[in-house]
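For reference, the structure is listed below as structure tokens.
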Amino acid sequence: MKIAVLPGDGIGPEIVAQATKVLEALRSDGLKIEMEHAYIGGAGYDAAGDPLPEATLKLAQESDAVLLGAVGGYQYDNLPRPMRPEQGLLRIRKGLGLFANLRPALLYPELASASTLKPEVVSGLDIMILRELTGDIYFGQPRGIRTLENGERQGFDTMHYSESEIRRVAHVGFQIAMKRGKKLCSVDKANVLDTSMFWREIVTEVAKEYPQVELSHMYVDNAAMQLVRAPKQFDVILTGNIFGDILSDEASMLTGSIGMLPSASLDINNKGMYEPSHGSAPDIAGKDIANPLATILSAAMMLRYTFNDEANATRIENAVKRALAQGYRTGDIYTEGTKKIGCNAMGDAVVAAL
Ligand code: ATP
Ligand code: MG
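Heads up: the sequence shown at position 182 corresponds to 188 in my numbering, and the numbers run straight through without jumps.
This is the structure:
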């Protein structure tokens with residue numbers, strides 16, 4: 007199994023180094039993997055004048071999975087749009103055909119006090135948000151800013167979803183629900199949007215192939231409220247690109263720190279790209295204080311979803327739990343009475359706990 011390792015910018019190199027350290031430890035214990043590094047984002051622009059150098063895309067396409075840090079930094083803010091680091095990310099997602107973005111929101115009992123919600127509301131929280139990545143208002147044409155007949159200017163976008171786009175992500179959602187609590191809540195705005203009415207129709211149709219999974223539907227405004235009112239009612243949430251973007255950020259706060267949240271983006275064959283949910287955090291880059299656990303947990307998701315290696319995935323997750331139980335904390339999750347350590351030391355603590 008080959009993994010393309012793309013550290014990227016900001017804290018990317020520091021946090022990815024901790025995840026590869028954990029993977030190396032498993033490799034010396036028999037896990038058959040091979041890792042190769044390449045540049046992406048600002049690092050790609052610096053090295054090759056392109057946020058997604060050709061060699062990087064080629065490596066990613068030849069590999070079974072991609073482990074990514076994060077992209078972006080202040081020094082790239084004034085580049086023309088095609089040269090910006092974020093374009094590298096959008097292009098690699100497209101180049102790999104990634105359409106299903108999985109973001110778990112799981113509360114580690116040790117971090118209950120870091121949540122914004124009361125312990126009884128979040129204790130035991132374990133939900134999976136599945137966000138469609140290729141359709142919706144983000145990519146619909148036409149879009150732009152135009153001048154109307156009356157001379158007023160108007161901004162506009164187009165929202166659409168094709169049947170095949172909805173179908174393939176719905177299948178992923180039901181398959182994940184089968185491996186979890188067998189409940190799937192599809193989130194839309196079918197009372198207002200035709201795109202959503204269609205979404206609901208197709209998801210309901212796909213559900214017939216998964217009779218063991220209990221399907222429900224919820225409007226996105228209600229879902230946003232329910233996520234903070236009673237988040238444990240959810241198991242898998244399936245939703246489109248823009249609603250998923252917003253709801254997954256909201257859900258991330260239930261679990262304490264963005265530094266704890268992994269993510270996976272899958273293609274039709276479960277080949278995937280794995281990265282923390284947070285960004286490149288340029289404000290803390292190079293200081294050895296970033297939390298590497300989201301990236302380490304992303305490596306665990308890689309083993310589970312692409313390599314079908316549930317045993318080693320669980321092994322990593324248990325090692326993270328053990329390191330937390332031993333009291334180790336990076337600054338973002340530190341509370342009184344725990345042991346504050348740096349990024350590198352946290353990587354070591356997880357390896358030791360393996
Ligand atoms: P992006 O647009 O790439 O998602 P962003 O603007 O949302 O980036 P982040 O880079 O995610 O921002 O950072 C948001 C805040 O969270 C910053 O203050 C950053 O320092 C903090 N942060 C992000 N990731 C981590 C981490 N792994 N450990 C500690 N703090 C983090
Ligand atoms: Mg962000």
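Yeah, the Cβ is synthetic: ideal placement off N, Cα and C, and Gly gets one too.
DSSP, reduced to helix, strand and coil, places GLY250 within a helical segment of the structure shown.
Contact check for GLU281 against SER304 passes: the beta carbons are separated by less than 9 Å. Excluding residues up to 5 positions away in sequence, ALA10, LEU12, ALA44, VAL72, ILE98, GLY101, LEU102 and MET279 lie with their Cβ nearer than 8 Å to the Cβ of ALA66 in the same chain. Here the alpha carbon of THR26 sits roughly 11 Å from the alpha carbon of PRO298. Here the alpha carbon of ILE302 sits roughly 26 Å from the alpha carbon of TYR80.
Under the DSSP assignment, GLU281 falls in the beta strand (DSSP E) whose first and last residues are 278–282.
Per the coordinates, the alpha-carbon of ASP83 lies some 10 Å from the alpha-carbon of MET89. Per DSSP, ILE208 is not a residue of any beta strand (DSSP E); the alpha helix (DSSP H) it occupies stretches across 200–213. Separation of ALA329 and ARG159 (C-alpha to C-alpha, rounded to the nearest whole angstrom) is 56 Å. Check the Cα spacing between ILE143 and each of ARG137, ASP163, SER129 and LEU136: the tightest is with ASP163.
Secondary structure of VAL234 (DSSP, three-state): helix.
In this structure, HIS166 has its beta carbon at no less than 8 Å from each heavy atom of the ligand ATP. For GLU169, the number of other beta carbons within 10 angstroms of its own is below 16, and it is reported as exposed. Note: GLN160 is bridge-paired with ARG152 in the DSSP secondary-structure output.
Remark: the C-beta of PRO268 is outside contact range of the ligand ATP, defined as less than 8 Å to any heavy atom.
Exposure of SER119 is indicated by the presence of fewer than 16 other C-beta atoms within 10 angstroms of its C-beta. Looking at the backbone, the Cα of ILE347 and that of VAL198 are separated by about 49 Å. According to DSSP, residue pairing for ALA270 in a beta bridge involves LEU108 and TYR280. Taking the Cβ atoms as the reference, LYS189 lies roughly 22 Å from ASP255, outside the contact range of under 8 Å. Looking at the DSSP output, TYR334 bridges to LYS345. As DSSP reads the structure, SER222 sits in a beta bridge with CYS191.
For PRO88, the secondary structure class from DSSP, reduced to helix, strand or coil, is helix. Annotation for LYS8: the continuous beta strand (DSSP E) segment containing it runs 8–14. When the beta-carbon positions are compared, LEU253 and ALA230 come within less than 9 Å of each other. By the neighbour-count criterion, in which a residue is buried when 16 or more other Cβ atoms sit within 10 angstroms of its Cβ, LEU95 is buried. Annotation: GLY75 is outside any alpha helix (DSSP H); the continuous beta strand (DSSP E) that includes it extends over 71–76.
In the DSSP assignment, ILE46 falls outside any beta strand (DSSP E) and carries neither an H nor an E. Leaving aside the five residues that flank GLY179 on each side, the residues in its chain whose CB is nearer than 7 Å to its CB run, in chain order, LEU136, LEU190, VAL242 and LEU244. Distances between the C-beta of ASP354 and the heavy atoms of the ligand ATP are all 8 Å or more. Per the coordinates, the alpha-carbon of ALA325 lies some 5 Å from the alpha-carbon of VAL356.
Beyond the five residues adjoining it in sequence on each side, ASN350 comes within less than 6 Å, by CB distance, of ASP294 in the same chain, given in chain order. Per DSSP, the continuous alpha helix (DSSP H) segment holding LEU65 begins and ends at 60–68.
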